[in-house]
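Below is one structure, written out as structure tokens; the observations come after it.
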Amino acid sequence: MKKIYSIICLSLICSLSFAQITPKHILTSKNNTEHVSSVKVPKSVAPFWSEDFSNGIPSTWTNSPVPWAYRGPSTSPNSTVGTQGAYGTNQGPIQSPTAQNGFMIFDSDYYDNLGVAGGFGTGQYPSNPNGHIGKLTTESIDLSNYPAVSLLFNSFYREYTGIAKVAFSIDGGVTFTDEMEVHPDIDVNDATTPDYQVMLNIPPNIAGQPSVHIQFIYDGTVLYNNYYGYYFWCIDDIQLIETPAHLMVCQDEMFGGWWLGYQTTGDLGCNYTFNPMAQALGNPYRLEGVVRNLGANAQNNVTLHGDIADDAGNVLFSDVSNGITLGVSSTDTLALNSFYTPTGMGLHNISIWATSDSFPYTDTATMSSIVSDTIYAIDYDWNSDGANLGTSAWRIGRTCGGQVGTSAYDIYADAQVTSISFHVGSESVVGAQMTTEVYEGFGTNSIFLAESDPYSLTAADIGNWVTIPLLNPLPVFKGTSYMAAVRGFAHPTDTFLITVATNPASSSYIQDNGCNLNSANPAGTWYTATDKMAIRMNFGYINSVEDRGENNDFKIYPNPTNGLFSIITESNKPCKISITNVIGQEIISLEHNGITSPSIDLNKFDKGIYNVTLSYENKVSVKSVILE
């Protein structure tokens, strides 16, 4: 099993190769998340030293010439404001337990541009040519009675080309050694969650010393030539605790194969929250988690556990990983020994946790995925009512141009894309126009394949899901990746937004078409979107935009099928039945008298998705059937 730092490097390489992201691509987005979750320390572990900045920066601390800034209840701006930079606005402040009484921020973005997009180098502390270095240093702390110490603090960090670090001094603050990177797994344009908590085991040569200074360093000088710093780092609620002998956490739990699976399959490994049965059969659920040893002792027989249950609580699947030894301050990624292939549609509740011989169990992460008939999605909006989506949105139809917003999907079984669904942001206005599109590949390397007719938003669309059919059904093929896309159009006001999906284990992209997400790049430039977009890919038949409900003209049973299935109609009128494959070829045609329930045999055909079409009285109804 490879260490997590190896996994992270591979993940970065994968994402960069798909998206062609370079450091010069600065993005505006909201509520950023990344694939690493924060530490949950037991409440029984009490600190022996702490600082919550309720009285500002302590007089015994030191600050660098390019300073960290204090946000407090009475400062301007106050503790309700986070970054003021042009490319990190609307981020909000850190969400630490005591954020309201004050926190610290190094606002590299604002220091360079004064909050003006394209205003590079116009701020009080220009980042070019020397870059930003911000150092915030504690007073001397006596650790002589604590041979094993851990540093805890809340951290809200968004990366461009900087590095967040802590360092330690045992010579009165003259020299600082043992630098530790705080967020090594944050990619360019990614961020932690605002409530993220960090736990670091202080090096053993530092613990136990009578005079220790801790330094928080924002270093914007070291990652790339000619690109310096940017974005921000907020910290709060710093604590020192005695490191427990046995403390282990499980983080970044996934069921799509994000960490390890993609290395063998070459896919994204996304957590697909609505997963069509045919895709789920081609891509069984792969449960993984990142396990960290935060205790003072090594952990033996560390294993990852997982189970999957249906909506009634019946356990459908349970397995465990191989056991490993996890050394002090070590991290590893574990995966269950087997995959889960669903046998039926509906809600599947997933639980993942870790154990060791000395630690009974970590907190259990719970996630869900719906095995669907036709919907392929990355959002958690189970009832399609917007309740489980983000509170922010991407502006697509703008005064400056029509951006293209996308969500990425791997195809594991041949299918036909018939429509694209998206959730319309609440700030959108009636009359805004858009089209839906499908691309093969991601970002810069993508190829346009299909589109819809233009559509204008109605009053009923605002704050709701909209489904727009493609001009023609589009065959998509196993082993290929696609983007489900929505294109906005230029308008005198910013009129059209796509709501953010809150699933970090997924991928979205945006094409800048004249809005200068970064003024150095021309229109048509693709960027990785840190906030994922609520855009779905549909394989089922949609009559029109207004046809958003279940097609109840007929039912298929069983579906999926091993070959034989029956058609139950809601009408007793004669009709024609046609069965076609994913590329539109008719393989079966028959007349139905409207009285009996016809039975159809697909045993002589290949496994996959087939469309069943009923035609009668100038009406056509279509559903898909899955042949296993």
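Numbering (numbering that gives the first Met the number 0), first residue to last: 0 to 627. Glycine included, every Cβ here is placed at the ideal spot set by N, Cα and C.
Would the stretch 92-105 count as touching the stretch 114-129 if we require 3 or more Cβ pairs under 8 Å?
Flag = no, the stretch 92-105 and the stretch 114-129 do not touch.
Are residue 620 and residue 553 close, meaning C-beta to C-beta below 8 Å?
In contact: residue 620 and residue 553 (Cβ atoms closer than 8 Å).
Three or more beta-carbon pairs under 8 Å between the stretch 402-421 and the stretch 463-476, yes or no?
Enough Cβ pairs lie closer than 8 Å, so yes.
Report the option in 78, 335, 613, 95 whose CA atom is closest to the CA atom of residue 585.
The residue with the shortest Cα to Cα distance from residue 585 is 613.
Residue 456 by DSSP, collapsed to three states: which one?
Looking at residue 456 - three-state DSSP - the assignment turns out to be coil, as it is neither helix nor strand.
Using the rule of at least 16 other Cβ atoms within 10 Å of the residue's Cβ for burial, across every protein chain shown, is residue 567 buried or exposed?
When all chains shown are included, residue 567 counts as exposed.
Give the straight-line distance between the Cα atoms of residue 572 and residue 626, rounded to the nearest whole angstrom.
Approximately 27 Å, taken between the alpha carbons.
To which residues of the same chain is residue 487 closer than 6 Å at the C-beta, ignoring the five residues directly before and after it?
395, 396, 401, 402, 433, 495.
If you follow the alpha helix (DSSP H) that residue 108 is part of, which residue opens it and which one closes it?
Start and end: 107-112.
Would you check if the stretch 264-277 and the stretch 164-172 touch, i.e. whether three or more CB-CB distances between them fall below 8 Å?
Taking 8 Å as the limit for Cβ pairs, the verdict is that the stretch 264-277 does not touch the stretch 164-172.
Going by DSSP, which residues form a beta bridge with residue 278?
None, per the DSSP bridge assignment.
Inspect the CB distances between the stretch 273-287 and the stretch 358-376 and report whether three or more fall short of 8 Å.
Touching, yes.
Among 84, 305, 360, 393, whose alpha-carbon lies nearest the alpha-carbon of residue 526?
Minimum Cα distance to residue 526 is reached at 393.
Taking 6 Å as the limit between beta carbons, can you name the residues of its chain near residue 353, skipping five residues before and five after?
249, 290, 303, 361.
May I have the straight-line CA-CA distance separating residue 149 from residue 253, to the nearest angstrom?
Going by the C-alpha atoms only, they are around 27 Å apart.
The beta strand (DSSP E) spanning residue 396 covers which residue range?
Here the beta strand (DSSP E) through residue 396 covers 392-396.
I need the boundaries of the alpha helix (DSSP H) containing residue 262, first residue and last residue.
Unbroken alpha helix (DSSP H) run through residue 262: 260-264.
Looking only at C-alpha atoms, which of 435, 411, 531 sits nearest to residue 455?
Measuring from the Cα of residue 455, the nearest candidate turns out to be 435.
Assign residue 151 to buried or exposed, taking buried as 16 or more other Cβ atoms, counted over all protein chains shown, within 10 Å of its Cβ.
The residue is buried, with at least 16 neighbouring Cβ atoms inside 10 Å.
Which of the three DSSP states is assigned to residue 343 in this structure?
Coil.
Leaving out five residues before and five after residue 118 in sequence, what residues of the same chain have Cβ atoms less than 6 Å from its Cβ?
So the list reads 112, once near-sequence residues are dropped.
What's the gap between the Cα of residue 473 and the Cα of residue 442?
Cα to Cα, residue 473 sits roughly 20 Å from residue 442.
Does the count of Cβ pairs from the stretch 225-235 and the stretch 74-88 closer than 8 Å reach three?
Counting Cβ pairs under 8 Å, three or more are found: they touch.
Please state whether DSSP places residue 427 in a helix, a strand or coil.
In this structure, residue 427 counts as coil in the three-state DSSP scheme.
Can you tell which of 294, 292, 296, 287 has its C-alpha closest to the C-alpha of residue 306?
Taking only the C-alpha atoms, the option nearest residue 306 is 287.
In the DSSP assignment, find the unbroken beta strand (DSSP E) run with residue 525 in it and report its ends.
Taken as a continuous stretch (DSSP letters only), the beta strand (DSSP E) holding residue 525 covers 524-528.
Since residue 60 and residue 178 should fall inside the 8 Å C-beta cutoff, what is the C-beta to C-beta distance between them, to a whole number of angstroms?
That belief does not hold up - the Cβ atoms of residue 60 and residue 178 are roughly 19 Å apart, past 8 Å.
Straight-line CA distance for residue 56 to residue 186?
Cα-Cα distance, rounded: 30 Å.
Using C-beta distances below 6 Å, list every residue in its chain close to residue 91, excluding the 5 sequence neighbours before and after it, in chain order.
Answer for residue 91: 81, listed in chain order.
So what does DSSP say about residue 443, is it helix, strand or coil?
The answer is helix: DSSP assigns residue 443 an H, G or I state.
Assign residue 636 to buried or exposed, taking buried as 16 or more other Cβ atoms, counted over all protein chains shown, within 10 Å of its Cβ.
Lying outside 0 to 627, the shown extent of the chain, residue 636 is not represented and no answer is given.
Quick check on this structure: which residue in 236, 142, 282 has the alpha carbon closest to the alpha carbon of residue 256?
Minimum Cα distance to residue 256 is reached at 282.
Between the Cα of residue 516 and those of 48, 313, 506, 528, spot the shortest distance and give me the residue it belongs to.
The shortest Cα separation from residue 516 among 48, 313, 506, 528 belongs to 528.
Could you tell me the alpha carbon to alpha carbon distance between residue 26 and residue 188, rounded to whole angstroms?
Per-residue confidence for residue 26 stands at a pLDDT of 37, beneath the threshold of 50, marking its modelled position as unreliable; the derived number appears in the next sentence. Distance between the alpha carbons of residue 26 and residue 188: 7 Å.
When DSSP builds the beta bridges, which residues end up paired with residue 234?
Paired residue(s): 103, 154.
So which of 67, 76, 192, 45 has the shortest CA-CA distance to residue 93?
The option with the nearest alpha carbon to residue 93 is 192.
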